[in-house]
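Trainee: In my numbering, the protein residues as written are 2 to 201. Where is the CB? At the ideal position from N, CA and C, for every residue including glycine.
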Amino acid sequence: MKLLLENWRQYLAESKGMKTLKHLIDEDLYIGMERDDDAVKFYYSNSDGEEIGRGFIEINPAGGELAGEKEEGPCDGAWVVLRSEADKYWGPLLYDVAIEWATENGGQGLTPDRTRVSEPALAVWDFYLKNRSGVNDVNNSQLDNLKNKLTRRNKQDNCNQTAAVKAAGRDWQNSSLSKRYTKAPDTLRMLRDAGRLIEK
2 MKLLLENWRQ YLAESKGMKT LKHLIDEDLY IGMERDDDAV KFYYSNSDGE EIGRGFIEIN
62 PAGGELAGEK EEGPCDGAWV VLRSEADKYW GPLLYDVAIE WATENGGQGL TPDRTRVSEP
122 ALAVWDFYLK NRSGVNDVNN SQLDNLKNKL TRRNKQDNCN QTAAVKAAGR DWQNSSLSKR
182 YTKAPDTLRM LRDAGRLIEK
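Rendered as structure tokens:
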């Protein structure tokens, strides 16, 4: 229990600048959600659902082919980040929403872009792995590589690990980019209850 409280305090301290529902209300902002074929985009919007900047994250189901790569892999059924961009402190809220939505819609959560991840995005994933897993908040599950190195009898968890290898080399399985993340829909519930989520 003591460790849980310490982890929670550390999370609160390190995420001090992270934007929350309160900031959305204070600045009269919303989070828009738009689905186009398989891709889903979450972004900051006005009350009409029009994108206004500040940030976005776009995701799609795993399993496609990657430019210059053999394949993406099934990735245990997770959704995968296609693109993301955000002003300082505005990214984590979108990531929370995307992870929760991907958990609700498929159950296997979200995994980072499989080939390239920016430094700010890597910092978010590292934070999830190191600081939020221990507070009964964000859960992570290890994914294998396309050579089936970790779980030889299970190919369902195979996933392209190019980004993880770039970040951690031979120790790619220790990288936050090598995992998939799930989360209960707490943030989505708050946004819906407050009328701050516009789902198209």
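Measure the alpha-carbon distance for R55 versus K201 and round it to whole angstroms.
Mentor: Residue mapping note: residue 55 aligns to position 54 of the sequence shown, counting from 1. Residue mapping note: residue 201 aligns to position 200 of the sequence shown, counting from 1. Roughly 19 angstroms between the two C-alpha positions.
Trainee: Just verifying my parser: in three-state terms, what is the DSSP assignment at V118?
Mentor: For the purposes of this step, residue 118 is identified with residue 117 of the sequence shown, where counting begins at 1. Reduced to three states, the DSSP call for V118 is coil.
Trainee: CA-CA distance, K167 and P113?
Mentor: Reading the sequence shown from its first residue, position 166 is the one you call residue 167. Reading the sequence shown from its first residue, position 112 is the one you call residue 113. The alpha-carbon atoms of K167 and P113 are separated by roughly 13 angstroms.
Trainee: Are the Cβ atoms of I100 and Y182 separated by less than 8 angstroms?
Mentor: Here residue 100 refers to the residue found at position 99 of the sequence shown. Here residue 182 refers to the residue found at position 181 of the sequence shown. Yes.
Trainee: Considering only the beta carbon of each residue, do R36 and E73 sit closer than 8 angstroms?
Mentor: Within the sequence shown, the letter at position 35 stands for residue 36. Within the sequence shown, the letter at position 72 stands for residue 73. No; because the gap between Cβ atoms is not below 8 angstroms, this pair is not in contact.
Trainee: Can you tell me where the alpha helix (DSSP H) with L144 in it begins and where it stops?
Mentor: Position 143 of the sequence shown, counting from 1, holds the residue named residue 144. Per DSSP, L144 belongs to no alpha helix (DSSP H) and is neither H nor E.
Trainee: Whose CA, out of R190, K89, V41 and Q157, lies closest to the CA of K148?
Mentor: Here residue 148 refers to the residue found at position 147 when the sequence shown is read from its first residue. Among R190, K89, V41 and Q157, the Cα nearest to that of K148 is on Q157.
Trainee: Given that a residue counts as buried once 16 or more other Cβ atoms are within 10 Å of its Cβ, and exposed if not, what is T152?
Mentor: Your numbering for residue 152 matches position 151 in the sequence shown. It is exposed - the Cβ of T152 has fewer than 16 other Cβ atoms within 10 Å.
Trainee: Measure the C-alpha to C-alpha separation of L83 and N61 and round it to an integer number of angstroms.
Mentor: Translated into the one-based positions of the sequence shown, residue 83 becomes position 82. Translated into the one-based positions of the sequence shown, residue 61 becomes position 60. Roughly 7 angstroms separates the two Cα atoms.
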